[in-house]
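If you read the sequences in order, they're chains C and B.
100 is the number of the first residue of the first sequence in the numbering used here; add one for each residue after it.
10 is the number of the first residue of the second sequence in the numbering used here; add one for each residue after it.
Positions of the beta carbon are idealized from the N, C-alpha and C atoms, including for glycine.
All remarks here apply to the structure that follows.
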Amino acid sequence: MSTAEEIEKLMPDTSQLLSIQPEMESPLYYTQLNMLVTGLEWWWRNRQDFFIGANLTIYYCRQQLEGKEDYLGTDFFVIEGVENRPRNCWVAWEEDASYPDLVIELMSNSTADVDRGFKKELYRNTFRVAEYFWFSPDTLEFNGFYLSGSQYIPREPLENGWRWSKVLGLYLAVVDGKLRYVSHDGELVPTPEELATLAQKKIT
Amino acid sequence: MSITLQQAKILLPDTTKLYSDEPEMESSLHYTQLMMLVATLEWWWRDREDFFIGANLTIYFNHQRLKTQDSRGPDFFLVKETEKRPRTSWVVWEEKGRYPNLIIELLSDSTARVDRVLKKQLYQNRLHTPEYFWFSPDTLEFKGFRLEQKEYVPIKPLENGWLWSQELGLYLAIVERKLRYITQDGLLVPTLEESVLQEQRKVEVERQKAESERQRANEAETRNRFLEQRLKELGMDPNSL
Numbered sequence: 100m101s102t103a104e105e106i107e108k109l110m111p112d113t114s115q116l117l118s119i120q121p122e123m124e125s126p127l128y129y130t131q132l133n134m135l136v137t138g139l140e141w142w143w144r145n146r147q148d149f150f151i152g153a154n155l156t157i158y159y160c161r162q163q164l165e166g167k168e169d170y171l172g173t174d175f176f177v178i179e180g181v182e183n184r185p186r187n188c189w190v191a192w193e194e195d196a197s198y199p200d201l202v203i204e205l206m207s208n209s210t211a212d213v214d215r216g217f218k219k220e221l222y223r224n225t226f227r228v229a230e231y232f233w234f235s236p237d238t239l240e241f242n243g244f245y246l247s248g249s250q251y252i253p254r255e256p257l258e259n260g261w262r263w264s265k266v267l268g269l270y271l272a273v274v275d276g277k278l279r280y281v282s283h284d285g286e287l288v289p290t291p292e293e294l295a296t297l298a299q300k301k302i303t
Numbered sequence: 010m011s012i013t014l015q016q017a018k019i020l021l022p023d024t025t026k027l028y029s030d031e032p033e034m035e036s037s038l039h040y041t042q043l044m045m046l047v048a049t050l051e052w053w054w055r056d057r058e059d060f061f062i063g064a065n066l067t068i069y070f071n072h073q074r075l076k077t078q079d080s081r082g083p084d085f086f087l088v089k090e091t092e093k094r095p096r097t098s099w100v101v102w103e104e105k106g107r108y109p110n111l112i113i114e115l116l117s118d119s120t121a122r123v124d125r126v127l128k129k130q131l132y133q134n135r136l137h138t139p140e141y142f143w144f145s146p147d148t149l150e151f152k153g154f155r156l157e158q159k160e161y162v163p164i165k166p167l168e169n170g171w172l173w174s175q176e177l178g179l180y181l182a183i184v185e186r187k188l189r190y191i192t193q194d195g196l197l198v199p200t201l202e203e204s205v206l207q208e209q210r211k212v213e214v215e216r217q218k219a220e221s222e223r224q225r226a227n228e229a230e231t232r233n234r235f236l237e238q239r240l241k242e243l244g245m246d247p248n249s250l
């Protein structure tokens, strides 16, 4: 038995743990992830109260430190209401126990079963992620769920295939083989590269 | 400086036996209500081994601020799909990262504002608790919320005021000024005391039934003996009839 005060003094600083998520499988995946990250960072450029995790491990229990958990990391996640600063990984018990509000897994042959099964269950029942999407840059399979109580309900797409994200306040849509953000009014949210190209064209 | 899993594993102290750190309940009214909620559900789910009920127990979720984390434990919380065993507190990182499925706060004058505003935000935004109810044993104020995506939406009461809990698979309802569980079919889930009384009544009925059976058997036996005796007296062998 121990009091909170005694234990608190013994607690190590685990905020500097390293991510154990393996590298992305191919440039296709890396490019897609990059688009999602930079696109949202641009869209929310005036906000300071969120964190985007890209290919990062979320630490949530002791079993992970002992290598006993199957979970390694999450491709893309967004947490609102937290300080926007760089992190090596997300350690829930160092961050007032916040879990992601939104997750997107970039699915491949080797991760499809895990993304549809184990991870969906982890995100639903442990992290209670409000919105979970997966997208395969290979097959373009795209699906989404939102939390109702402790259940995941499929997020039905519009006729054009777009799926609304309440967390982002944006649609997610497959455009030219890529998963993209589309505004409420139906405007494609540009990536910083597209903006730069556009700006260059104007100059020349 | 970064640290490895190996180092973290060695450094992280055992926090499975952390003491709870909660103030006493406000009144015997609150205490009785809490115990009723706990005991009734424990009894109702007596064949299940996959849940934990915390009563006035601390939930530890912040490593560095064990002592000063900004929230007290809920009055009543339920975690499903976990191991059923006694605990001195709920330490999230020792419990596979799990948080409660359902929380009930018993409002009092001193906690009402915190329960309605701060705790609601905490349960909605941080703990992502699927269902949150509050009930005042004094004023009988009673409300319930279900997490829809990332926001609490009030649970619409039935005309009689009952609120459905998806997590419990039961209604919560005020019956004789107490918060009680009611089955989907509208039957009051008995408290432990009521169950005991019901069982005792059943046992008594069984006992009386057995007693009258025995009496009837005795009477039949006596009558058989008498008839046998009469036959013998008349010179007849009862076994040859």
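Check                                                                                                                                                          : Outcome
Using DSSP bridges, identify the partner residues of Arg189(B).                                                                                                : Ala182(B)
What three-state label does DSSP hand Lys159(B) in the structure shown?                                                                                        : coil
Which complete alpha helix (DSSP H) runs does the stretch 203-240 of chain C hold, if anything under 4 residues is left out?                                   : 211-215, 217-224
Under 8 Å, with one C-beta from each stretch per pair, do the stretch 176-187 of chain C and the stretch 196-209 of chain C reach the 3-pair mark?             : yes
In chain C, which residues lie with their C-beta within 8 Å of the C-beta of Thr120(B)?                                                                        : Those within 8 Å of Thr120(B) in chain C number zero; the least Cβ separation is about 21 Å.
Just checking, does the stretch 173-190 of chain B make contact with the stretch 23-36 of chain B on the three C-beta pairs under 8 Å criterion?               : no
Do you know whose CA, among Ala121(B), Gly106(B), Thr49(B), lies nearest Val205(B)'s CA?                                                                       : Thr49(B)
So if DSSP puts Ser264(C) in a beta bridge, which residue, or which two residues, is it bridged to?                                                            : Leu269(C)
Can you tell me which of the three DSSP states Lys128(B) falls into?                                                                                           : helix
Any C-beta of chain C sitting closer than 8 Å to the C-beta of Val101(B)?                                                                                      : yes
Counting pairs of beta carbons, one from the stretch 150-163 of chain C and one from the stretch 98-113 of chain B, are three or more of them closer than 8 Å? : yes
Could you work out which residue in Ser207(C), Arg215(C), Phe226(C), Gln147(C) is closest to Pro199(C) when comparing CA atoms only?                           : Phe226(C)
With DSSP collapsed to three states, give me the class of Ile112(B).                                                                                           : strand
Name the two residues that bound the continuous alpha helix (DSSP H) containing Asn187(C).                                                                     : From DSSP, Asn187(C) is part of no alpha helix (DSSP H); its letter is neither H nor E.
If you draw a straight line from the alpha carbon of Asp84(B) to that of Leu116(B), how long is it in whole angstroms?                                         : 9 Å
Give me the DSSP bridge partner(s) of Leu278(C).                                                                                                               : Val273(C)
Are any of the Cβ atoms in chain C nearer than 8 Å to that of Thr192(B)?                                                                                       : no
Between Ile119(C) and the rest of its own chain, which residues show a CB-CB distance below 6 Å, the 5 nearest in sequence each way excluded?                  : Thr156, Leu171
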